[in-house]
Every structure is written in C-alpha cells, then in structure tokens.
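2 protein chains.
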Amino acid sequence: MQKTPALVAPSILAVLLAGAAPLPLAAQGARAEAEAVAAWVEANQRALVDELVELLSIPNVAADLENIRRNADWLVSALESRGVKARLLETGAQPMVYGELMTPGATTTILFYSHYDGQPVDPSAWVGHDPWVPVLRWGSLARGASIIPWPADGRYEDDWRIYARSASDDKSPIVMLLAALDALRAAGSSPTVNVKFLLEGDEEAGSAHIRRLIRDNRRLLAADLVIMADGPEHPSGRPTLVYGARGITSARVIVYGPERPLHSGHFGNWAPNPAQRLAALLASMKAPDGRVLIDGFYDDVVPLTAEETAAFRAIPADAPADYGFAEPEGGPGSLRLEATAAPSLNVRGMAAGWIGESVRTIVPDSAVAEIDLRLVPDIEPAEQVERLLRHIRGQGYHLVDASPTAEERAAHPYLARVISRESGYPGMRTPLAHPVAARVARAIAAYTGQEPVRIPMLGGSVPAVWFPVEAGIPVLLIPTVNPDNNQHSPNENLRLGNFFDGIVTFAGVLRTP
Amino acid sequence: MQKTPALVAPSILAVLLAGAAPLPLAAQGARAEAEAVAAWVEANQRALVDELVELLSIPNVAADLENIRRNADWLVSALESRGVKARLLETGAQPMVYGELMTPGATTTILFYSHYDGQPVDPSAWVGHDPWVPVLRWGSLARGASIIPWPADGRYEDDWRIYARSASDDKSPIVMLLAALDALRAAGSSPTVNVKFLLEGDEEAGSAHIRRLIRDNRRLLAADLVIMADGPEHPSGRPTLVYGARGITSARVIVYGPERPLHSGHFGNWAPNPAQRLAALLASMKAPDGRVLIDGFYDDVVPLTAEETAAFRAIPADAPADYGFAEPEGGPGSLRLEATAAPSLNVRGMAAGWIGESVRTIVPDSAVAEIDLRLVPDIEPAEQVERLLRHIRGQGYHLVDASPTAEERAAHPYLARVISRESGYPGMRTPLAHPVAARVARAIAAYTGQEPVRIPMLGGSVPAVWFPVEAGIPVLLIPTVNPDNNQHSPNENLRLGNFFDGIVTFAGVLRTP
C-alpha cells in the first residue's frame with residue numbers, strides 16, 4: 001500500500017524522541033514518561049527484535065498440536081519472566097495462555113486478548129525463505145525489497161520488515177505487550193490497571209473453544225474492558241481504536257450437472273452446465289453496485305448512530321488505486337470502512353472443470369462457490385444462512401444434504417447442495433462513548449501525542465462477540481501492524497516502525513488513569 | 001451408457017449368420033456376399049483380434065516420435081500385405097500413412113481417413129494393466145468385468161472387450177478396414193471403388209499438419225468422398241452415418257479485481273470481487289434455456305434443412321437420466337443430437353480464489369472462465385471470438401492484451417482479458433442427399449440389412465473441414481465403436497461385437513455400387 005503522504009502521521013517514536021511538541025499541562029506527565037519509554041525502545045531494538053524472531057521461529061498452524069504447545073509454553077515463560085502469573089487453560093486441543101498482573105489499589109481491569117496461532121502456509125509461495133525462518137528485508141517485497149542481513153549493530157530502520165508467518169497476525173502484538181511491561185519498568189513506572197492476558201491457539205482455525213472457555217471462566221476473566229490486540233492500524237499510521245467487528249459465517253454452494261464430466265462437443269447445449277448455472281445463481285444474489293438481493297439480508301441490521309457515521313466520515317479515505325482497482329464496488333464515493341460496516345456476501349472461491357494447462361473440452365459435472373457472509377449486529381449467523389438457502393430454493397433449486405442420488409438427479413432439473421458446517425458468530429459494536437474505552441483512548445492520546453483514529457466497526461471478524469455475550473465485557477480493538485502485512489497470505493510481514501510504535505501505544509494503555 | 005433395450009439393434013453378424021430375414025430382390029446379391037463376409041469374420045476371430053492386439057501394443061502418443069514411426073511403419077506393411085500401394089507422407093514430425101488401391105474401371109474414389117495416434121495416458125489410472133499391454137475382459141470394467149485369459153479356442157463373445165489405449169480411438173477402425181479387404185477377397189469379391197487411405201499421426205495432439213498436407217497433396221488425395229472412420233456409433237447399435245461435425249474455438253476470460261487477494265473482512269463490500277463479476281458476465285451471455293445472448297451469435301448459422309431436421313427427429317432420443325440429470329438445458333423435449341447441431345458457448349472451466357480445504361477468507365484478485373465455442377456452418381472461428389469480445393466490452397469492460405498495468409487498473413473500473421490463441425476451425429456439413437454419400441448409405445443398408453442411423457451433424461469436433469475447404473472433398477463419418485469406450489480417458493476399450501460388425505460395415509462401403 002502506498003501511503004498518501006499528507007495523511008501519514010509521523011512515527012510515534014520519532015515525535016517522542018524529538019521531544020519538541022508543545023503540550024497541554026495535563027498531558028505533560030504522561031509525555032515525559034512516554035519519552036522515557038520511547039528512548040528505552042530505541043536503545044533496546046536488538047533484544048526486542050530477537051525476542052520476536054524467537055517466537056516467530058516456532059511453527060504455529062493450529063492443526064500442528066505439538067508446535068502449538070511449544071508456542072504456548074514459550075508464552076507462559078515469557079509472561080512469567082515479566083512477573084505475570086501465567087498458566088495454560090486446556091481446551092482439549094490447542095491450549096489458551098492465561099496470565100494476570102494485579103496492581104495494588106487498581107479499580108480497573110483490562111483483559112488483553114491476542115492469538116498465537118497462524119494461518120496455514122503454502123511454503124512454495126514464500127519468496128526466499130521458509131515461513132518460520134524469519135528474514136529481514138529493507139522494505140516491502142511487493143516493491144522489490146531484498147533480504148538483508150540482521151544488522152551487526154542491532155539498529156533497525158522503521159521501514160525495514162520482518163517476513164514470517166504471524167509476523168503481524170498475531171504474534172507481534174503479543175511481543176509488543178511484553179515489551180511495554182519491560183519499558184514501563186525501565187522507565188521507573190508500572191501499570192495503573194490490573195492486567196489479564198488471554199492468548200488463543202486456534203483463532204485461525206475457527207476459535208472452536210473460546211466461547212465455552214469464556215463462559216466457563218467468567219470469574220477468572222472478569223474485566224472492565226477487553227482489548228483485542230489484532231489487525232492492521234489505519235493506513236494514516238495514527239493510533240487506531242476499533243469499537244466493533246463484523247461477525248462471519250460461510251457456505252459452500254455446489255451446483256450439480258451431469259454425474260460425470262461430459263464431452264462438450266457431444267453434450268454441450270444438451271447437458272446442463274453447472275458452471276453456467278452457478279454463475280447465474282451468484283449473479284442473482286448481488287446487484288452490480290454490491291447490494292445483496294437476497295430477501296431479508298439487511299432486515300436485522302442495527303443502523304449506525306449519527307456519531308458512528310460521523311466517526312467513519314472523519315477518517316481519511318482509502319484510495320482504490322493503492323489496491324490496484326479504479327472504483328469501489330459501491331461506486332466512486334464509497335468509503336472502505338463505512339462500506340465494510342455493512343453485512344456482506346463475498347465469493348471467496350469458485351471452481352468448475354479445469355483451467356489453464358489442464359483445460360479439457362467438457363461440460364463439468366459440478367461447480368462450487370465458497371461464500372463468506374460477514375455479519376453486523378443484530379444478524380444471527382444461522383438466520384443469514386437460512387436466507388441464503390431460501391434464495392437458492394427461490395431460484396428453482398432442490399437442495400440436497402449429501403451427494404445427490406440417481407433418483408434425486410433424475411427428479412430435479414436444478415440440483416444444489418449448501419454446506420455450512422461452521423456456525424459462525426455474530427458481529428459486535430461497543431458504543432464510542434463507553435467510559436472505560438474513552439479513558440483508554442485519552443491515555444493513548446496523551447502518551448503518543450496523536451489523536452487516535454476511532455473506527456466504529458472493523459470489516460474483519462474476530463470472535464470478540466463472545467466476551468460481551470458470555471461474560472458481559474465490552475471489547476475495544478487496538479490494531480497496530482502495517483496494513484500491507486499480507487495477513488493470511490504468503491509473505492506475511494511486519495514493518496518494524498509499527499512494532500516499535502506499538503510498544504509505546506500499549507505502554508500508554510497500561511497507564512490508563 | 002446404459003442401452004435402452006428396445007432401441008438396440010441386433011448384431012449385424014448375428015443377423016447375417018442367421019440368414020433368415022426376407023429381402024427385396026435388389027438386395028439379395030449384396031446380402032449373399034455379406035453373409036459370406038460375416039462367416040469369414042466369424043471363422044477368423046483369432047487372427048483378427050491378434051492383428052488388432054499387435055497394433056495396440058505399439059505406444060502411440062504423438063509426442064513419442066520414435067514409437068509413432070513404429071506405428072506408421074507397421075501400417076505401411078499391413079497395407080502392402082493387402083496389395084495397397086503404401087508410403088509415408090512426411091510432415092517434419094509425425095508422418096502420415098498414405099495408401100491407394102485402384103480398381104480397374106472404377107469411377108468412384110473413396111478416401112478413408114483415420115488416425116493412429118492416441119491420447120496421452122495416466123498409467124496409474126488404468127486398472128490392472130499398462131495402456132499398451134492390451135487385456136481382455138468379459139464385459140465392461142465399469143460394470144465390474146474382470147480380466148480373462150485370451151481364449152484358447154480363438155472364439156470371442158460380442159460383449160467381451162479389449163482394454164488398451166486407442167482400442168477404440170482410433171486404431172480399431174483401421175484394422176476393421178484392413179480386415180474388410182481380407183474378407184472381401186476370401187468371399188471371392190473385391191472393391192467396386194478406388195480406395196485411398198490417409199492415416200494421421202498427430203490428431204490427438206491438435207492435427208498441426210493436416211491442413212497444409214491436404215492443400216499440398218490435392219492431386220494425390222483427390223476423391224469423391226472422404227470417409228472418416230472415427231468415433232462411437234449411435235447408442236442404438238445400428239450402423240451410423242454422420243454428415244457433419246461442429247467446429248471449435250476457445251477463449252479464456254480473465255476478470256481482474258484488486259492486484260492481490262484482499263482480506264474479505266477488511267475489503268469485502270469495497271474491493272470489487274472479480275468472481276462475482278465473472279459470474280454476472282457469464283450470466284449475461286446465456287439465457288436459462290441455453291440460448292446464447294451474445295449479439296450476432298447465431299447470425300451466420302445455415303439453418304438445418306427440413307430433411308436434416310427430420311433425420312434428427314427420426315433418431316431414438318437419449319435419456320438425460322442415463323447421464324445423471326433430469327432435464328436437458330433446452331427443456332424436456334430437447335434432443336441431444338439436434339441440440340448439439342447448434343453453435344454453443346460452454347464454460348468448461350472456472351476458477352477464482354481457493355476452495356475446499358484451502359479456502360481462504362479473501363476477495364480474489366482475478367477470476368477465470370475457460371470457454372469453448374462450438375461452431376456450425378458458416379460461422380468463422382475468429383468472428384465468433386470477436387462477437388464474444390464485443391459482448392464483454394458491451395458489459396462495460398475494458399479489455400487488455402496482457403496483465404494490466406497499474407495505470408490500466410487505476411483507469412478502468414471493469415477490467416478483463418480474453419486469450420484466444422488457438423484459431424480453431426469451422427464446422428462442416430455434407431448434405432444428406434449428396435449422391436456419393438447416398439450410394440454409400442444404400443450399400444451399408446443392403447450389406448448389413450439395417451437402415452443406418454443418419455446423423456446430419458456431430459456435436460463433437462473433428463478437423464474434417466479441411467477436406468472440403470482445401471481439396472473440395474465432402475466428408476462422411478462412419479463411427480463404429482461402442483459409445484462407452486472411455487475415449488480420451490483411462491481404461492479405453494473396444495467391445496468386440498462392434499469390432500466384428502464394423503468389418504462387415506466397411507466391407508459394404510468398399511462395395512458401394
């Protein structure tokens with residue numbers, strides 16, 4: 001992503017180290033402490049990066065239970081070395097890591113949530129190294145930056161990047177939090193709030209255990225606010241606060257044609273073509289401007305408040321050209337963050353027959369679309385899937401629950417199957433005016449000297465909703481990593497300037513008055 | 001394919017050997033000779049099968065030039081041993097085999113075309129043997145028939161099958177023709193027509209040389225009719241005459257979205273989804289009843305004559321349920337052969353993002369559809385592709401000739417690319433009333449005692465068009481092998497009843513009055 005220079009905030013660290021900006025009196029104490037924190041970060045880059053690289057070197061696909069446990073054990077040790085009482089919470093599969101650091105006299109408790117597992121990898125798509133052998137580049141691979149040696153003097157440029165699975169999503173925020181504790185201590189300070197940690201080991205695999213774990217551990221996890229440390233900061237580079245996130249559910253739609261691929265010469269025009277039919281079916285679901293045409297799709301949407309709409313419009317707009325396209329789906333004026341605060345229907349994958357070198361002159365036997373449905377309050381996942389099913393039936397399809405039998409094939413001209421095994425989870429939104437969230441926002445502003453970007457809702461989905469639903473705790477997301485981090489893709493990376501600034505931001509959160 | 005018993009004609013050989021059916025006087029001479037031919041085939045099964053097995057044992061993938069030449073040399077010897085003057089026509093790669101057997105006083109010349117190369121193989125998918133080690137089964141592998149020993153007494157059942165690459169496509173028709181010459185001689189007869197042979201060695205690899213070879217050898221190949229001995233007979237089992245074939249061209253359509261896959265949460269509803277757009281684009285091309293909506297798509301179609309339409313409707317209908325679907329694309333009354341005599345637009349492959357186990361929550365960066373366009377007279381391949389391009393532009397797309405540049409991405413909201421490298425070839429149709437073809441049809445009817453199924457046009461494509469285009473010779477296809485022969489697939493096979501009957505059919509052709 002090319003940052004539009006006018007929008008980009010200066011590095012938090014740079015501003016603090018310059019120590020030049022005039023400050024309102026109330027912020028001067030925080031600022032002096034922040035400058036000490038920044039100086040400590042600047043002086044300890046080598047150790048900070050080393051610790052991150054050590055964690056990134058442990059493979060962390062959720063299905064790899066042995067290595068997942070190595071990650072969890074590493075995290076327990078890392079927390080304990082900071083004086084945090086830490087232990088594993090077993091789930092029967094990937095353990096969660098729990099930690100707590102109580103502050104005498106504190107009346108506010110903040111629960112930090114991150115996840116330590118990462119998306120599965122396709123090593124062949126990683127350029128120049130294994131996903132769990134972190135490397136350093138002098139910039140973004142997308143702009144041609146090559147791998148460079150780890151610096152002998154331990155000094156890192158802000159624009160240098162570490163490439164590794166979970167460099168951004170979501171191991172680095174965990175290391176930022178650990179470093180923030182170290183930095184406060186080095187600055188002669190300490191948290192003003194009680195701090196709890198909950199680090200999940202199967203978020204990328206669907207968070208199978210978190211809902212029950214929250215429900216079963218309400219007392220242990222009790223807090224005034226959950227802070228989710230995940231996701232990319234706003235492209236402006238300013239500290240970013242996100243007050244909600246979309247939920248998600250998904251469906252695999254399979255349209256059936258003949259029972260096996262048929263010669264497109266001898267059968268084309270006679271055997272129904274499932275790829276063509278799937279295309280028509282998908283086209284029936286969405287207008288060219290992106291509006292979903294499924295009946296009831298928007299029925300349960302809680303409209304944005306005037307304050308939330310205003311907050312969206314106060315955020316600098318993203319430029320489509322930065323992502324390689326000319327116009328947003330909703331037209332030239334569509335704002336990314338406001339657009340992604342609505343429910344969506346997204347074709348994330350599609351396949352039929354063969355393409356490219358393997359192409360064959362056939363009528364395919366079936367065609368598949370993988371669809372994800374993003375949700376906003378108060379849409380229930382199961383109900384949204386049911387609306388999709390009704391729409392498909394409304395297009396004339398008979399739906400089967402398994403591969404169709406010969407009898408079903410002979411009886412129904414339009415035959416499809418929808419697989420929606422994962423139940424998904426709803427979206428959530430914390431009011432912008434929530435008092436604890438407001439105190440955190442002020443603490444960050446005072447500490448970093450920058451007014452945070454306040455995003456009422458994130459387009460992405462995090463299972464944040466279970467904290468309010470199961471334990472009554474509101475959630476605030478504080479994303480810190482670079483937006484072009486290739487999250488979920490090959491060549492995931494972390495810009496080091498974001499890493500260092502994130503430490504200061506989290507130190508500020510720990511000092512929430 | 002399951003034959004509907006009522007439609008299936010008896011074995012030609014069985015009818016002739018029973019010698020029972022009353023005959024019109026004019027056919028009695030032909031019938032007596034056919035009975036002698038049938039008796040010879042019946043008595044010489046061992047030698048006939050042995051010669052076929054010998055040819056099937058020579059590997060014949062076009063790219064394997066050394067073995068291709070072994071096949072060609074074998075064919076020259078086999079032709080010469082029947083008194084056919086034979087030689088190779090060099091193409092620079094796979095040679096063609098040419099042969100001629102002139103009949104004193106004959107005024108009609110028939111040029112037989114077949115190909116001796118076969119589709120590439122995946123040996124691991126062949127059950128129980130190597131593709132070039134022919135085996136005998138007591139029926140169809142698809143119905144569980146096991147491999148049986150070659151019979152010690154040299155007697156074969158009609159339903160037994162030989163499994164080997166090119167058992168059906170297209171070596172056995174060549175051996176049927178050779179055997180037909182032997183059978184006539186044994187019956188004290190001889191061809192009534194001049195006979196030429198042209199046997200191609202790279203048909204399955206795209207027939208790179210045949211157009212030029214026909215053009216460069218017009219005098220050598222001069223004939224009144226080309227008979228292409230290729231493809232499966234009509235499922236009824238009756239002798240089958242095909243008077244035309246569709247041509248083909250193809251196009252790969254790529255619709256572009258963002259320059260790389262984007263997170264469907266953070267970008268879904270804002271970044272344009274190329275899979276969704278491709279779906280809408282494909283849906284715009286074709287009505288639910290299969291009619292192509294591209295402007296001018298049917299403009300150059302030469303309508304079927306009343307005689308051709310009647311011929312289509314006289315053919316027993318195929319049953320959709322035999323192929324695993326309830327209703328043809330054109331509705332319940334649509335006849336396969338009539339439907340596939342129209343030009344088609346077929347989505348043979350489609351892909352975007354990831355599906356199944358690899359599914360990812362992204363907005364794909366592009367979406368691809370592989371389309372084949374079947375052609376009928378007088379549609380020109382390049383013009384049909386041009387109509388497709390115009391349609392895509394008409395849907396608002398800017399078309400690029402290569403991967404789009406950043407400037408093109410920023411300038412055009414709808415961006416696509418169409419790759420149509422192969423020029424393809426047009427379709428062809430010989431009139432049902434063509435006098436030489438009509439004489440051949442009558443000769444087959446008289447010889448076999450069965451009225452041939454007359455198919456005005458085949459849905460599949462064969463490069464037959466170059467004979468009329470380059471040398472002015474009309475083409476008649478005489479397919480003889482079993483429809484369930486697994487042409488182009490693993491476990492290709494030939495039902496021996498079809499082999500024996502085909503010899504009688506071709507003997508009849510050689511005796512065209």
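Same order as they appear, the protein sequences are chains A and B. Okay, so the first sequence: first residue is 1 according to this note's numbering, each after it adds one. Okay, so the second sequence: first residue is 1 according to this note's numbering, each after it adds one. Positions of the beta carbon are idealized from the N, C-alpha and C atoms, including for glycine. Remember, predicted model here, so these are calculated numbers, not experimental data.
Mapping the DSSP letters down to three states, classify Ala310 (chain A) as helix, strand or coil.
Helix at Ala310 (chain A).
Amino acids of chain C, ordered along the chain, whose beta-carbon sits closer than 9 Å to that of Lys286 (chain A):
In the structure shown, chain C does not exist; the protein chains are A and B.
When the Cα atoms are used, what is the spatial distance from Leu181 (chain A) to Thr240 (chain A)?
Taking the straight line from one Cα to the other gives about 20 Å.
Range covered by the alpha helix (DSSP H) that runs through Val49 (chain B)
Under the DSSP assignment, Val49 (chain B) falls in the alpha helix (DSSP H) whose first and last residues are Gln45 to Leu56.
Compute the distance between the beta-carbons of Arg336 (chain A) and Asp372 (chain A), then report whether it is under 7 Å.
No, the Cβ-Cβ distance between Arg336 (chain A) and Asp372 (chain A) is not below 7 Å.
If the cut is a Cβ gap below 8 Å, which residues of chain A does Phe312 (chain B) touch?
Among the residues of chain A, none has a CB under 8 Å from the CB of Phe312 (chain B); the nearest is roughly 12 Å distant.
Which of the three DSSP states is assigned to Pro134 (chain A) in this structure?
Pro134 (chain A) falls in the coil class under three-state DSSP.
Looking only at DSSP bridge pairs, what is Ser366 (chain A) linked to?
Note: Ser366 (chain A) sits in a beta bridge opposite A:Tyr256.
Does Thr240 (chain B) get closer than 7 Å to chain A when you measure Cβ to Cβ?
No - not a single Cβ of chain A is within 7 Å of the one on Thr240 (chain B).
Can Ala339 (chain A) and Gly333 (chain A) be called in contact, C-beta distance under 7 Å?
No, Cβ-Cβ distance for Ala339 (chain A) and Gly333 (chain A) is not below 7 Å.
I believe Asp365 (chain A) touches Gly257 (chain A) by the beta-carbon criterion, under 8 Å. Please report the beta-carbon distance rounded to the nearest angstrom.
The C-beta separation of Asp365 (chain A) from Gly257 (chain A) comes to about 5 Å, placing the pair in contact by the 8 Å criterion.
Kindly indicate if chain B contains any beta-carbon less than 7 Å away from that of Tyr447 (chain A).
Tyr447 (chain A) does not count as touching chain B.
Roughly how many whole angstroms lie between the Cα atoms of Asn450 (chain B) and Pro435 (chain B)?
Inspection of the sequence shows that residue 450 (chain B) is occupied by Gln rather than by Asn. Whole-angstrom Cα-Cα distance: 20 Å.
Residues of the stretch 419-442 of chain A whose Cβ lies closer than 8 Å to any Cβ of chain B, in chain order:
Those would be none; no residue qualifies.
Test item: CB-CB of Arg429 (chain B) and Gly244 (chain B) under 7 Å:
In this structure, the beta-carbon distance from Arg429 (chain B) to Gly244 (chain B) falls below 7 Å.
Hey, out of A:Val97, A:Thr108 and A:Val76, whose CA is closest to Val509 (chain A)'s CA?
It is A:Thr108.
Going by DSSP in three states, Ile147 (chain B) sits in which element: helix, strand or coil?
Ile147 (chain B) falls in the strand class under three-state DSSP.
Go through the stretch 211-244 of chain A residue by residue and report every complete run of the beta strand (DSSP E) that reaches 3 residues or more, in order.
Complete beta strand (DSSP E) runs here, min 3: 225-228 and 240-242.
With 7 Å set as the bound, which would you pick, yes or no: does the beta-carbon of Ile355 (chain A) sit closer than that to a beta-carbon of chain B?
For Ile355 (chain A), the answer is yes, since a Cβ of chain B falls inside 7 Å of its Cβ.
Over the uninterrupted beta strand (DSSP E) stretch that includes His398 (chain B), give me the two end residues.
Boundaries of the beta strand (DSSP E) harbouring His398 (chain B): His398 to Val400, taken from the DSSP string.
Under the three-state DSSP convention, the category His524 (chain A) falls into:
The structure shown does not extend to residue 524 (chain A), since chain A is modelled only from 1 through 513, so no value can be given for it.
CB contact check: Ala63 (chain B) to chain A, cutoff 7 Å:
It does not; no Cβ of chain A falls within 7 Å.
Chain-ordered chain B contacts of Gln45 (chain A) [CB-CB under 9 Å]
Per Cβ cutoff of 9 Å: no residues; Gln45 (chain A) is ~29 Å from chain B at best.
Interface partners of Asp73 (chain A) on chain B, CB under 7 Å:
Ordered by position in chain B, no residue passes the 7 Å Cβ test against Asp73 (chain A), which lies about 29 Å from the chain.
For Asn346 (chain B), return the contacting residues in chain A, with the cut-off set at a CB-CB distance below 7 Å.
Per Cβ cutoff of 7 Å: Ser264, Gly268, Asn273 and Val363.
Under 7 Å between the Cβ atoms of Glu536 (chain B) and Val400 (chain B)?
Since the first residue shown for chain B is 1 and the last is 513, residue 536 (chain B) is missing from the structure and cannot be characterised.
Residue range of the unbroken beta strand (DSSP E) whose run includes Lys85 (chain A)
Lys85 to Leu89 is the span of the beta strand (DSSP E), which, as asked, contains Lys85 (chain A).
Could you confirm whether any beta carbon from chain B is found closer than 7 Å to the beta carbon of Glu327 (chain A)?
Yes, its Cβ sits closer than 7 Å to a Cβ of chain B.
Would you grab the beta carbon distance between Val178 (chain B) and Ala314 (chain B) for me? Rounded to a whole angstrom, and I think it's under 8 Å.
Correcting the residue type first, residue 178 (chain B) is Leu in the shown sequence and not Val. That belief does not hold up - the Cβ atoms of Leu178 (chain B) and Ala314 (chain B) are roughly 33 Å apart, past 8 Å.
Where Asp289 (chain B) falls, given that 16 or more other Cβ within 10 Å makes a residue buried:
Around the beta carbon of Asp289 (chain B), fewer than 16 other beta carbons sit within 10 angstroms, so the residue counts as exposed.
Taking 8 Å as the limit between beta carbons, can you name the residues of its chain near Ala410 (chain A), skipping five residues before and five after?
Leaving aside the five residues that flank Ala410 (chain A) on each side, none in its chain has a CB nearer than 8 Å to its CB.
With Tyr98 (chain A) as the anchor, note down where its beta strand (DSSP E) starts and where it stops.
First-last of the beta strand (DSSP E) with Tyr98 (chain A): Met96 to Leu101.
One question on the structure: do Glu327 (chain B) and Pro413 (chain A) come within less than 7 Å of each other, judged by their Cβ atoms?
Yes. Within cutoff.
For Ser334 (chain A), go through chain B and note every residue whose CB falls closer than 9 Å to its CB, in chain order.
Within chain B, the residues near Ser334 (chain A) are Asn269 and Trp270.
Whole-angstrom C-beta distance between Glu33 (chain B) and Ser189 (chain B), which should lie under 8 Å:
Approximately 6 Å separates the beta-carbon atoms of Ser189 (chain B) and Glu33 (chain B); this is inside 8 Å, confirming the contact.
How many angstroms separate the CA atom of Glu203 (chain B) from the CA atom of Gly92 (chain B)?
Distance between the alpha carbons of Glu203 (chain B) and Gly92 (chain B): 15 Å.
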